[in-house]
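Residue numbers (UniProt numbering), protein chains in the order written: chain Y, 1 to 575; chain V, 1 to 469. In this text, a Cβ means the ideal position worked out from N, Cα and C, and glycines have one as well. To start, the structure under review is shown below, and the notes come after it.
Here it is as structure tokens:
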């Protein structure tokens, strides 16, 4: 804990660090225990250079360069009057998705008068058409898969009669979950006094915007700082006709209005994989269409290969790789859905498919139309709002636009809900006087198939490329779920964890997990990366036995680092 | 195993601290045994002493790749782990004979290695010859199954009218293709019965001569229209059915009770009839007194008697599964209904005709104990071919049993009671008589069959010495 904080404050670079922990005692009178630094400091002063808010920073992996006056006391003010004169608000956020929500909450905590503009429903893609409802469907598919696996059940000594499902019931579960999370999100903002303004937000000029239905009833407001957090929509390549019934995007699929006998999924990334898990568990057969030469691009190749052997090969799935779906026609006039495939490289026609439905999961396109970016001379790049590493918007001349930020899918840096939220918090830190840069390499990602896939940091090829460029050594170590007691007790020994690290200094470059509850397990690694914890230190951390977390324990212990433990022996604590 | 060696690159990743992780030993490396001069065959290596065939997990190299000595070429799955297999020779991977995911016996060629580019074509031709000759063993199977498929599909052209939207194109679902590969069925020779004339997994299974797996667990009430219809219809039905009586208490069925309820409703689809028969039990009672100290129960005696009668009347032991045929069961398994904790279960005395009375009694005791402990295995309660239900111990003189689905007949046994009987000469006497009543499926068992069976049963009971033999 101590060394982690000192690190984030002393080093501007998110990755390379040296001299871990050596400066900490010199800088601050270190608190003896966690309790001390967590509570007492917050209750008292702002005179001590080590304050509660910097603790919080470390949690979000924001790296302040200068430590200005603490704003802890500002929390008490709530969402009151704007602190700077002449503006209606201190901060206006366009888009009430997870990114905007995270930013709004943090802004109120920092004492900013905050408003959020939403033209659709609160919660954005994640809550209404993304992560949240898909997790409900995956929860169902996971159970179905388990109940249908007679062999698995018998090996546990269980007997289950034929499992079935009610499509409407499953769809309702997903829908109910989304509404529940949506109201939680709305209430949390209302309770803090964030003004929720309804309508489309358009930037009129510097620090000035309007919102409403786009007619004469629009209201104009001013804000000291503006965050664009408009998110993204499913990307539908040209030539594909989406009718919402037989040719669908994730938006439609999550409503689960039908379970086709045979569905083609265009794209084998996160979204496609998760839907293949849902559909095959519910009885569909699936055909993947992937433009790249192999399935599951973007994953660490070794993890991808293993995942393919478990998630694709034994299931009712076939695939076409290296092909584009150049034309997809929805089912009509008694004909099935027709898909024309062309070679991804030569563009020559390759094949046509006839299926019952097609799901377009080729990625997501930023939703930045109608934002009025032309009013401030900003040009989008493939729809994305260009930003620097501090999420500050860059205009057509390559200059920073003052007081304007863009977070989340709209800037395209890392299209994940939690990344958007972290970026939002980073921006709020900046506008309240603390400079921060978010370390995107510490942001974990997960794919909620059964079993799950999760990752943080670099893949092995990325790490090797970087190593070659920067001239350091890379090592890789792996552990298997087959040796984990808890995994075996669950009869889910399939899976592996992989650690990519620097043997010279023990830095964690990337961790990839495929196996039971991988999405929950990754945080030990992502937190270690965020805190700058080295392998030689984390390997001494204790894990409860028997738990799945021991997979990571073994992983860290199996790494061969050439330096010894950096932290001094802690003072003994009587128990 | 002798050819196995651990390369440093792989073993460096396995310094496990705990002994428990030992069996985790990951992919190790084996060197390919290669022979021949110019075009070398790559064989499926034996990675363990017990390995007879191996599965190609993936080819690390693809056709045309230049290989250098010591490079991993292919990943092979053995019974324990995946092994990287590397080559002894430099060369070009000319042809892959056994593809990813396929299996080959140990020693079979899985790929060809050419020394120079000029030999690639030659190697490819060789590979083609090999792949066409190699599956020739399986070919007759395809030939055999193909006519079957056409025969089956022949009467169905009317149904298969919905032809593929692209004429002449063979459309098969992903699982159908997988099955076809697995069972070596030529998909081009099949006629699809699925929507738009596509080949379904069922078509492939039929062609391969496999009974399709029951699809029950795939989709239950899925169709939105159907579920909407039922939900709309059921409240209307409920409104007219039963008036609510205040203070009533609704207790949901237990799993066992649900199963009973389901079976009982199902039984309504079978046309049954009943035949009763009085059986004199004086001799049986006398025998029972004799064997009771040896642990023989009345249930065992009755089950044994029924089983012996069934041997002579196999039709009563038969089942009508599809409404079109008799299914004669090879063994006589007597299910006996037992009331248990508010439920009903039918432990089965398997091969009751073959076991002697004492074994049967012992077996029965075990079954009842297991039933009480809810530890009966499915085959111990659902493999019955004939059911016996006895309420005699409660003084019931006669009753009527419902035929359980999947069986041909059930026997309901009443109490044995002293009864005044007149013989043919007009002499009165008092004899113990019990009434048995058999319910049977009239699709396969007719009145005369049952009567004959009961007559035999009655004779056995009246002369019970044969039961002890």
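Chain V residues whose Cβ lies nearer than 7 Å to that of residue i
i	result
residue 294 (chain Y)	Chain V residues near residue 294 (chain Y): none, gap ~10 Å exceeds 7 Å.
residue 313 (chain Y)	101
residue 287 (chain Y)	174
Where residue i falls: helix, strand or coil (DSSP)
i	result
residue 468 (chain V)	helix
residue 304 (chain Y)	helix
residue 540 (chain Y)	coil
residue 267 (chain V)	helix
residue 542 (chain V)	With chain V covering 1 to 469 only, the question about residue 542 (chain V) has no answer from this structure.
residue 364 (chain Y)	strand
residue 171 (chain V)	coil
residue 448 (chain Y)	coil
residue 502 (chain Y)	coil
residue 279 (chain Y)	helix
residue 393 (chain Y)	strand
residue 163 (chain Y)	coil
residue 453 (chain Y)	strand
residue 40 (chain V)	strand
residue 576 (chain Y)	Residue 576 (chain Y) falls outside the range modelled here, since chain Y spans only 1 to 575, and no answer is possible.
residue 179 (chain V)	helix
residue 527 (chain Y)	helix
residue 278 (chain V)	strand
residue 496 (chain Y)	strand
residue 323 (chain V)	coil
residue 573 (chain Y)	coil
residue 210 (chain V)	coil
residue 444 (chain V)	coil
residue 560 (chain Y)	coil
Own chain residues within Cβ distance below 8 Å of residue i, not counting five before or after
i	result
residue 473 (chain Y)	467, 502, 503, 504
residue 316 (chain Y)	280, 284, 285, 286
residue 338 (chain V)	344, 345, 346, 347, 368, 371
residue 34 (chain V)	With a pLDDT of 48 at residue 34 (chain V), under the threshold of 50, the modelled position of this residue cannot be trusted, and the question is left open.
residue 159 (chain Y)	153
residue 357 (chain V)	291, 296, 300, 301, 304, 467, 468
Residues near residue i in its chain [Cβ-Cβ closer than 6 Å; skip 5 each side]
i	result
residue 495 (chain Y)	451, 481, 514, 515
residue 68 (chain V)	90
residue 72 (chain V)	60, 84, 86
residue 123 (chain V)	39, 94, 95, 112, 114
residue 273 (chain V)	442
residue 170 (chain V)	188
Partner residues on chain V for residue i, Cβ-Cβ distance less than 9 Å
i	result
residue 303 (chain Y)	Simply none; closest approach about 14 Å.
Sequence-distant residues of the same chain with beta carbon closer than 7 Å to residue i, five excluded per side
i	result
residue 283 (chain V)	462, 463, 464
residue 423 (chain Y)	99, 391, 407, 408, 438
residue 256 (chain Y)	137, 167, 170, 171, 174
residue 365 (chain Y)	232, 233, 235, 383
residue 449 (chain V)	313, 315, 316
residue 395 (chain V)	415
residue 547 (chain Y)	486
Beta-carbon neighbours of residue i, restricted to chain V and to distances below 8 Å
i	result
residue 343 (chain Y)	Ordered by position in chain V, no residue passes the 8 Å Cβ test against residue 343 (chain Y), which lies about 17 Å from the chain.
residue 318 (chain Y)	174, 177, 178
9 Å Cβ cut-off: residues of chain Y touching residue i
i	result
residue 378 (chain V)	159
Interface partners of residue i on chain Y, CB under 7 Å
i	result
residue 58 (chain V)	305
Checklist entry - In the region 115–188 of chain Y, which residue ranges form an unbroken alpha helix (DSSP H) of at least 4 residues, counting only runs that do not cross its ends? => result 131–148, 150–155
Checklist entry - Does the region 263–272 of chain Y come close enough to the region 289–297 of chain Y to have 3 or more Cβ pairs within less than 8 Å? => result yes
Item to check | Sufficient close CB pairs (3 or more, under 8 Å) joining the region 120–134 of chain Y to the region 85–104 of chain Y | outcome: yes
Next on the checklist: Is it the case that the region 296–311 of chain V contacts the region 263–278 of chain V, given that we only count it when at least three CB pairs across the two stretches are under 8 Å?
Outcome noted: no
Checklist entry - Should the region 521–541 of chain Y be regarded as contacting the region 439–450 of chain Y, the criterion being three or more beta carbon pairs within less than 8 Å? => result yes
Checklist entry - Which parts of the region 367–427 of chain Y are runs of the beta strand (DSSP E), unbroken and 3 residues or longer, counting only runs that do not cross its ends? => result 392–394, 400–406
Checklist entry - Counting pairs of beta carbons, one from the region 208–221 of chain Y and one from the region 185–200 of chain Y, are three or more of them closer than 8 Å? => result yes
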